[in-house]
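The listed protein sequences derive, respectively, from chains A and B.
Residue numbers for the first sequence follow the working numbering, so the first one is 1 and each next one is one higher.
Residue numbers for the second sequence follow the working numbering, so the first one is 1001 and each next one is one higher.
The structure under discussion appears below in the form of structure tokens.
Protein chains: 2
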Amino acid sequence: MTTLPGPTLGVVGAGQLGRMLAEAAAPLGVEVAVSDPTEDAPAAPVAREQLVGGFDDRETFRRLAERVDVLTFEIELVDPELLQAVSEETNTPVHPNPETLSLIEDKLVQKRRMEAAGVPVPPFRAVEKAADVYEAAEELGYPLMLKARMGGYDGRGNVAIEDASDVEPALEQVAGPAMVEGFVDYERELAIMGVKGDGEIDTFPVTETIHREEILRETVAPARTDEGTIERAEGIAHDVLAEMSGRGVYGIELFEGSDGDILLNEIAPRPHNSGHWTIEGCVTSQFEQHVRAVLGWPLGSTERRCPTVSANILGDVGRQKATLYNVDRALEADGCHLHYYGKDEVYELRKMGHLTRTGADGADPTELLEATRAVRDELTFDDAAE
Amino acid sequence: MTTLPGPTLGVVGAGQLGRMLAEAAAPLGVEVAVSDPTEDAPAAPVAREQLVGGFDDRETFRRLAERVDVLTFEIELVDPELLQAVSEETNTPVHPNPETLSLIEDKLVQKRRMEAAGVPVPPFRAVEKAADVYEAAEELGYPLMLKARMGGYDGRGNVAIEDASDVEPALEQVAGPAMVEGFVDYERELAIMGVKGDGEIDTFPVTETIHREEILRETVAPARTDEGTIERAEGIAHDVLAEMSGRGVYGIELFEGSDGDILLNEIAPRPHNSGHWTIEGCVTSQFEQHVRAVLGWPLGSTERRCPTVSANILGDVGRQKATLYNVDRALEADGCHLHYYGKDEVYELRKMGHLTRTGADGADPTELLEATRAVRDELTFDDAAE
């Protein structure tokens, strides 16, 4: 039986995801402490406390665990074995299960597990050296995508290989355990935020995701695809969730092939950029849902409230102290919600914030997307705009 | 031209209003510091910092002012002259204008000013001694409501006088400058959250408020009254706002007479309990709107998103450490949003949290109200429920 005040929650990682988790936990009466290697990270001002320490630092994990009732994480760079060990030592449960993190953080392990579970994935091969890539290319053909098995996100660690001459430079760039994937001729990208609670499984509505340079730019809900595709995507999301052993929210990225087939792209064991729109767009946000799930509380409704678009605010200048200009129109635009992450420094393509724009029932998603982009595209960190 | 990160905001008072202000400021990239006489007040865990000090403590105001770019307050107990003086000394603007606070905090001054401005108010008289009350009763008749001119809220400082025998005990209970109001035969109570920005004035949708023992229990939006009444209420809210000189959100409480006439009850120069439903129920919440207004930013849309009811979670036991039982159903109920204020101690009728429940477009407000009450009424601080 749930009582309040709720358990206190420790979040390893204090970037924007930690910040939005803390924002969502507060109304629930759940106090949040965070840890991050960067002092005064984005979550710090809204959390009760930030500890400073690395994602593989036992002492930081220990201090955080001793401070809170339940642990979670908002970044895959966390060392799962260390987190598990500290969880056991301090008798502080951690969700999702670090085992799940181990399964997900190595993209090759993730793909193999998903393939074994019958989840459709793009063709892939483990590669160590150039010869392995040439061999893969014979079977899968060029172009190939070379992916670092560990530590890649926002397209970092992914290098396209157009032909044989790209192989050696690509391997040098990735510099570590890697895999290649065959080219996927996709129509669009979709994402589903899934959630595993205490015996409950649910999914948020299918979201269309728009990437450029492998970085998410916008999301559109409802996704602009047909009902059959949406049902197939949901089915696959449920198959993926069935393989996950820990409570929490999962970001499930999918390709919709030109034939309508769905392929799994990647899984993140945490709230995900493609689910930020749920803050205003759904009855329960992915962040509140993650808090509920990791605490073992009943899950909230994942229902969509209205057509909703999100647009990332990315760094558009080189590394410097961050000041965002032309904010007025974003504040004035109808149904536009600002989320600024409070990062001190900006650099090219750094995720600095996002806009969410809600539309009336039945609003055209494409028009909503264009209207949102128009506002977002006026925002700049370039001080020429001053 | 607005840039981000925004100015930092200092809030005098760190109760639930300060807490929800801090929750609303975070996504906007606005950092909040708060001050309150009670250590670790409700806003402390979500604000950057809490200073500890009284609402008439110059040194606390000074330290807060030096810490932030703009000051505001969330409680009328603040000493307006002191706040004004510190604002000038430290060159830190304060909104709303402390002059407005001076006008509002003395209920007699407030009523006189509003009457002079042509705003309809219940008949009232200043009273100092029993003879004044008897004299007022001759003109206005019994029953009368005796009200402390200063410091009353949630019905504290209000004492009903049914007949002449109640006069002396009532005056003893109020013990200070007072006024009496004639009995208002009202059909229902309404409230409007108004906002004054930098040259902009706007109102949130008219809300029905349901009190018992003079404490707000539930709000219903849309108010269950006719269009003409709503228009009259909005007109009066605009008249009230025209008299206010400072930027910010104002809670305007109204009586709807059985003849459909509207009378002003009270004004609060801050976000108000009757506007909590706007967090989920409107495009912009009253808290985000207050942040925007005091910073001089463009105001957000006050549009209602859907039928929305809120229900206060009040203390139902004597003073003790607070544990709220039976929370599961509130977490499970469709469209139900929990707001727990994190107060350490509970006592009878203390405001400990609230539920907001959103309904589908066209949902019947009465059914929504009943469904919300049913969930709220299961919540208890009584450990017999354990």
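No residue lacks a Cβ here, since even glycine has one placed at the ideal position from N, Cα and C.
None of the values given here were measured: they were computed from a predicted structure.
With respect to the C-alpha of GLU31(A), the residue from LEU64(A), GLY315(A) and PHE55(A) having the closest C-alpha is LEU64(A).
TYR134(A) sits in a helix when the DSSP states are folded into three classes. Closest option to ALA1025(B), judged by alpha-carbon separation, among PHE1061(B), GLU1214(B), THR1072(B) and GLU1303(B): THR1072(B). Taking 7 Å as the cut-off, the Cβ atoms of GLY1281(B) and THR1308(B) count as close. Judged by their CB atoms, ARG1149(B) and LEU1103(B) are not nearer to each other than the 7 Å cut-off. Within chain A, the C-beta atoms nearer than 7 Å to that of GLU1031(B) come from PRO45, in chain order. Between the C-alpha atoms of ILE279(A) and MET1193(B) there is a straight-line separation of about 24 Å.
In the pairwise beta carbon analysis, the stretch 263-271 of chain A is classified as touching the stretch 120-127 of chain A: at least three pairs are separated by under 8 Å. Listed along the chain, the chain A residues whose CB falls inside 7 Å of the CB of VAL1327(B) are THR2, THR3 and LEU4. The C-beta of ALA1330(B) has 16 or more other C-beta atoms within 10 Å across all chains shown, which makes the residue buried. At a beta-carbon threshold of 7 Å, the residues of chain B lying near GLY342(A) are PRO1005 and GLY1029, ordered along the chain. Boundaries around ASP239(A) are those of the alpha helix (DSSP H), 227-243, since no beta strand (DSSP E) includes it. Here THR229(A) is buried. Its C-beta has 16 or more other C-beta atoms within 10 Å. Per the C-alpha coordinates, the member of GLY353(A), GLY53(A), LEU368(A) and THR372(A) positioned closest to GLY315(A) is GLY353(A). Proximity of GLY1359(B) to chain A, defined by a Cβ-Cβ separation below 7 Å, is not satisfied.
Contacts between PRO37(A) and chain B, judged by CB atoms closer than 9 Å, are missing: the closest CB pair is about 20 Å apart.
Cβ-Cβ separation between PHE1381(B) and VAL1346(B): approximately 5 Å, consistent with a contact (criterion under 8 Å). In terms of Cα proximity to ALA322(A), the closest of ASP383(A), PRO271(A) and GLU288(A) is ASP383(A). Contact between GLY342(A) and ARG357(A) does not hold, since their C-beta atoms are separated by about 21 Å, which reaches or exceeds 8 Å. Within 10 angstroms of the beta-carbon of THR2(A) lie 16 or more other beta-carbons, which makes it buried.
The beta-bridge partner set that DSSP reports for THR203(A) consists of GLY194(A).
Using a 10 angstroms sphere on the CB of THR38(A), the tally of other CB atoms stays under 16, which defines it as exposed. The beta carbon of ILE313(A) is closer than 8 Å to those of LEU324, TYR340, LYS351, MET352, GLY353, HIS354, LEU355, ARG376 and LEU379 in its chain, skipping five residues each way along the sequence. Within its own chain, the residues whose Cβ lies closer than 8 Å to the Cβ of ASP185(A), once the five positions on either side in sequence are excluded, are GLY257 and SER258, listed in chain order.
Burial is judged here by how many other beta carbons sit within 10 angstroms of a residue's own beta carbon; LYS1111(B) has at least 16 and is buried.
Residues of chain A whose Cβ lies closer than 9 Å to the Cβ of HIS1290(B) do not exist, since the nearest Cβ in that chain is about 14 Å away.
Take PRO1365(B), set aside five residues on each side of it, and the residues of its chain with a beta-carbon closer than 6 Å to its own are VAL1220, ARG1224 and PRO1307, in chain order. Considering only beta carbons, the part of the stretch 1306-1338 of chain B lying closer than 8 Å to chain A consists of CYS1306, ALA1322, THR1323, LEU1324, TYR1325, ASN1326, VAL1327, ASP1328, LEU1331, GLU1332, ASP1334, GLY1335, HIS1337 and LEU1338, in chain order. Considering only ALA1311(B), ASP1261(B), LEU1254(B) and ARG1247(B), the residue with the shortest C-alpha distance to ARG1292(B) is ARG1247(B).
Taking a 10 Å sphere around the C-beta of ALA1041(B), we find 16 or more other C-beta atoms and assign the residue as buried. For the C-beta of PRO298(A), the chain B residues within less than 8 Å are, from N- to C-terminus, ASP1328, LEU1331 and GLU1332. Against chain A, a Cβ distance below 7 Å from GLU1023(B) picks out GLU23, ALA26 and PRO27. Cβ neighbours of ALA1085(B) within its own chain (closer than 6 Å, five residues either side excluded): none. Residue range 124-127 is occupied by the beta strand (DSSP E) that includes PHE124(A).
Taking CB atoms only, VAL34(A) has no neighbour in chain B less than 7 Å away.
THR60(A) sits away from SER87(A), with the two beta carbons spaced by 7 Å or more.
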